[in-house]
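To get the numbering used here, take the position in the sequence shown, counting from 1, and add 407. Heads up, the beta-carbon is just placed ideally off N, CA and C, and yes, glycines get one too.
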Amino acid sequence: MDAVLNYLEQHQKRFVAELAEYVRFASVSAQTAHNGDMSRCATWLVKHCQQIGLRARLCPTAGHPVVLASTPPVSRRRGQPSRRHFMVYGHYDVQPPEPFELWQTPPFEPVVRNGALFGRGASDNKGQHFAHLKAVEAFLKTGQPLPVDLTFVIEGEEEVGSRSLEAFLKAHRSLLSRCDGVVVSDTGMPGPRHPALTYALRGIVGLEIIVHGPSRDLHSGIFGGSVENPAMALCQLLAKVRDAQGRITIPGFYDPVLPLSKFEREQLARVPFDAERYRRFLGVPRLFGECGFTPNEQRTARPTFEINGLTSGYQGEGSKTIVPAWARAKITARLVPRQRPERVLKKICAFLKKHCPPTVRLEIRNGHGSDAYYVSPRSADAQAALRALREAFEAEPLLLREGGSIPIVHQFKKVLGLDTLLVGLALPDDNAHSPNEKFDLDVFARGQRMSALLWRELANGRRS
Ligand code: BES
Ligand code: ZN
């Protein structure tokens, strides 16, 4: 193991330069204008995997291609126990970088500043899975035997709901279902000295609602007052969804939700938290959330209903006195274990239809959905992950529930029967999905070490 860890230490400078090269691709999956960047990025990644000694290829899908890479086969002498095999999942697609003017340096011109690499995708998720690739490189280049077999699945549609990945998993079921589990670094850690194993993620359900009013924008002086304003109707409708205590008022929304256990509340309470610092970090005059829960509980273990976008009427320079023809909103609800996306969607739709006034026409377009994830943090593999985190970060790891969603993790269980170990490397101030995204370089180095140690620990353990 020393040779592997030394190799990692010696090559940090090159690793950072390579990560910068990777971040330079504007692999924005949501915007078709970037389709060329998407495929160039995936091709670069395949080549990179090959250079470090993996067998890699690009797998086309109905959407963006998947990079599939495996460690070279190891011949096994008779009588030796079978080797364990893990899938490492990540995504090379990134969120749109807008608004550009808020970036201190351009999103796809990565630079190192204050011990971090800045650029869209540096943390979510290129830097995180790159740490695992570098750990494997260290084994392969030093000739040290890898304790387990590995298959990397790096997709290009995570940020848009992993639409093509279920079909990919089914097509590669014979290879992938041989795995003993999945390892994913695409979650967070509360601080540089607070590594974490995440055992639950929120699910999600998305929809878009359009309130149609008059057949065209109208003069608000001539017609206003005699016709419903769709923007107002939409605001009033959405305002009914949540009460002053921060509770969602949609009947049945919370029905299947389990109360937080004492253990969970204790674990979440261990996460260092200062409400005033958090308030300032977010830039809000006051925090807000569902009554009866701490902010960390609210944002990781409670369901929400969020307006992601709201559009209507005239947005250009100056003013324009109209009653707009329509108003629309993009919505997502974050779900917790046992809330099913289809059922929640039905309840949301029924509520909106019931409360929409007859003076406008309501159109609802369904979006993507995925189940929440929950896995026991007490399994032998989870313990192995905790040991690797502890050693690499020289600190006691936390057990976390997290608020983000990784839709495919539920599919790993459903399609392949595999549990996922979530060992995230993103810091709370990494600015994922925001301007000035960055990845901490000390966390990058420790993440590589954690990965190397993890394979040793997982090889020794058996699933409980
Ligand atoms: N890395 C995040 C998910 C995440 C972030 C999990 C922080 C836990 C903590 C991932 O890239 C992401 O942003 N997922 C999307 C999924 C959505 C588009 C379906 C999300 O959570 O919004
Ligand atoms: Zn993301």
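Checklist entry - How is the beta strand (DSSP E) around residue 608 delimited, first residue to last? => result Segment 603-608, the beta strand (DSSP E) holding residue 608.
Checklist entry - How long is the line joining the alpha carbons of residue 570 and residue 578, rounded to whole angstroms? => result Going from the Cα of residue 570 to the Cα of residue 578 covers about 14 Å.
Checklist entry - If you draw a straight line from the C-alpha of residue 560 to the C-alpha of residue 684, how long is it? => result Going by the C-alpha atoms only, they are around 38 Å apart.
Checklist entry - DSSP on residue 657, reduced to helix/strand/coil? => result It is coil, neither helix nor strand.
Next on the checklist: Looking at the secondary structure, which residues open and close the beta strand (DSSP E) in which residue 772 lies?
Outcome noted: 768-777 is the span of the beta strand (DSSP E), which, as asked, contains residue 772.
Next on the checklist: Going by DSSP in three states, residue 556 sits in which element: helix, strand or coil?
Outcome noted: Secondary structure of residue 556 (DSSP, three-state): strand.
Checklist entry - Any heavy atom of the ligand BES closer than 7 Å to the Cβ of residue 812? => result Remark: the shortest separation between the CB of residue 812 and any heavy atom of the ligand BES falls under 7 Å.
Next on the checklist: With a threshold of 7 Å on Cβ separation, who are the neighbours of residue 871 within its own chain once the five nearest residues in sequence on each side are excluded?
Outcome noted: Since pLDDT at residue 871 reaches only 40, below the 50 mark, its modelled position is unreliable, and no value is offered.
Next on the checklist: So that I know if they touch, is there some Cβ in chain B lying closer than 8 Å to that of residue 653?
Outcome noted: Considering every chain present, this structure includes no chain B. It has just one protein chain.
Checklist entry - Tell me, which residues are paired with residue 752 by DSSP? => result Its beta-bridge partners do not exist; DSSP assigns none.
Next on the checklist: I want to check one thing, is the minimum distance from the CB of residue 594 to the heavy atoms of the ligand BES below 7 Å?
Outcome noted: Between the ligand BES and residue 594, a heavy atom-to-CB distance of less than 7 Å is present.
Item to check | residue 873 - DSSP class collapsed to helix/strand/coil | outcome: The requested residue 873 is not part of the displayed model; the chain covers only 408 to 871.
Next on the checklist: Could you tell me the alpha carbon to alpha carbon distance between residue 865 and residue 555, rounded to whole angstroms?
Outcome noted: Near 8 Å, if we compare the C-alpha coordinates of residue 555 and residue 865.
Next on the checklist: Our contact map puts residue 593 next to residue 532 with C-beta atoms below 8 Å; I'd like the distance itself, whole angstroms only.
Outcome noted: Rounded, the Cβ-Cβ distance is 5 Å, consistent with contact.
Checklist entry - Where does residue 698 land, buried or exposed, given buried means 16+ other C-beta within 10 angstroms? => result In the assembly as shown, residue 698 is an exposed residue. Its beta-carbon has fewer than 16 other beta-carbons within 10 Å.
Checklist entry - Where does residue 711 sit, in a helix, a strand or coil, going by DSSP? => result Three-state DSSP puts residue 711 in a strand.
Next on the checklist: For a test of your reading of the model: does the CB of residue 608 fall under 7 Å from any non-hydrogen atom of the ligand BES? Yes or no.
Outcome noted: Because some heavy atom of the ligand BES lies under 7 Å away, the Cβ of residue 608 counts as near it: yes.
Next on the checklist: For the ligand BES, is there any heavy atom lying closer than 7 Å to the beta carbon of residue 531?
Outcome noted: Taken from the Cβ of residue 531, at least one heavy atom of the ligand BES lies inside 7 Å.
Checklist entry - If you draw a straight line from the alpha carbon of residue 489 to that of residue 512, how long is it in whole angstroms? => result About 49 Å.
Next on the checklist: Can you tell me whether residue 535 sits near the ligand ZN, meaning its C-beta is under 7 Å from at least one heavy atom of the ligand?
Outcome noted: Residue 535: no, Cβ never under 7 Å from the ligand ZN.
Next on the checklist: According to DSSP, residue 543 sits in a beta bridge with which residue or residues?
Outcome noted: DSSP lists no partner for residue 543.
Item to check | Closest by C-alpha distance to residue 755, when choosing among 773, 672, 676 | outcome: Nearest to residue 755 by alpha-carbon distance, out of 773, 672, 676, is 773.
Next on the checklist: Could you tell me the alpha carbon to alpha carbon distance between residue 461 and residue 611, rounded to whole angstroms?
Outcome noted: Answer to the nearest angstrom: the Cα atoms are 34 Å apart.
Item to check | Whole-angstrom distance between residue 597 and residue 679, CA atom to CA atom | outcome: Each residue's Cα considered, the two are about 7 Å apart.
Checklist entry - With 16 other CB atoms within 10 Å as the buried threshold, where does residue 867 fall? => result By the 16-neighbour rule on beta-carbons within 10 angstroms, residue 867 is exposed.
Item to check | Best match in 834, 498, 642 for proximity to residue 845 [C-alpha to C-alpha] | outcome: Ranking 834, 498, 642 by Cα distance to residue 845 puts 834 first.
Checklist entry - Based on the DSSP output, what are the partners of residue 639 in its beta bridges? => result None; residue 639 has no bridge partner.
Next on the checklist: Quick check: does the Cβ of residue 817 come within less than 7 Å of any heavy atom belonging to the ligand BES?
Outcome noted: No, Cβ of residue 817 sits at least 7 Å from all heavy atoms of the ligand BES.
Checklist entry - Among 734, 632, 558, which has the Cα closest to the Cα of residue 463? => result Answer by Cα proximity: 558.
Checklist entry - CB of residue 562 to nearest heavy atom of the ligand ZN: below 7 Å? => result Flag unset: Cβ of residue 562 not near the ligand ZN.
Item to check | Bounding residues of the alpha helix (DSSP H) (the contiguous stretch that carries residue 700) | outcome: Segment: none, residue 700 is in no alpha helix (DSSP H) and carries neither H nor E.
Checklist entry - When you compare only the Cα positions, how much space is there between residue 691 and residue 506? => result Near 19 Å, if we compare the C-alpha coordinates of residue 506 and residue 691.
Next on the checklist: Between 828, 601, 791, 568, which has its C-alpha nearest residue 471's C-alpha?
Outcome noted: Here the closest residue by C-alpha is 568.
Checklist entry - If you drop the 5 nearest sequence neighbours on each side, which residues of the same chain put their C-beta closer than 6 Å to that of residue 544? => result Around residue 544: 459.
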